[in-house]
Amino acid sequence: MSNESQIRAFIADWFARFDRLDSIEAFLPDLHPDLDWDMPDTDHSLLGHDRVRAWYAGVLSTLQRPTEHHVSNIQVTPGAAQFEVLFRARTTTGETIEARVQENWRFDTRPDGRPLITAYSAKLLQETDT
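Residues -12 to 117 in my numbering are what the sequence shown lists, from first letter to last.
Following this line, the structure appears as structure tokens:
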């Protein structure tokens, strides 16, 4: 498997975990402990895994399982990937959320070829509440 196809497979697996709203322990091994986590609704006083844990606790308390992530326009370069995600979910109060997000990742490549994410950024492109 080429490095690019391995990265694409990793991205698909990553969002399958988000679709199921797996526990935070399913994600942390793929995130550098000191990663730069730039997501909407993050507590910027926290760093690395602590910031991710706080953000994900908010996700788990707000959204119902399953969610949907549809990834498109993937561009992989050495140490980086960028792509769009169409996200759909239902909140615990029954509201439907749909958003299009631009994701930018930077990563180190582990000896097995899998990425270790060092920077994760998601910027809202479009949001629809129904």
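Virtual Cβ for every residue (Gly too), placed ideally from N, Cα, C.
- When beta bridges are read from the DSSP output, HIS56 appears opposite PHE74.
- In this structure, ALA67 and TRP42 do not form a Cβ contact; the two beta carbons are roughly 21 Å apart against a cut-off of 8 Å.
- Taking one beta carbon from each stretch, the segment 50 to 65 and the segment 21 to 39 have fewer than 3 pairs nearer than 8 Å; the two do not touch.
- Judged by beta-carbon spacing, ARG52 lies within the 8 Å limit of LEU8, meaning their Cβ atoms are closer than that value.
- For PRO102, the number of other beta carbons within 10 angstroms of its own is at least 16, and it is reported as buried.
- Annotation for THR49: no beta strand (DSSP E) segment contains it, though the alpha helix (DSSP H) segment containing it runs 35 to 49.
- With respect to VAL72, GLU85 sits apart: the two C-beta atoms are not nearer than 8 Å.
- With fewer than 16 other Cβ atoms inside 10 Å of its own Cβ, LEU47 counts as exposed.
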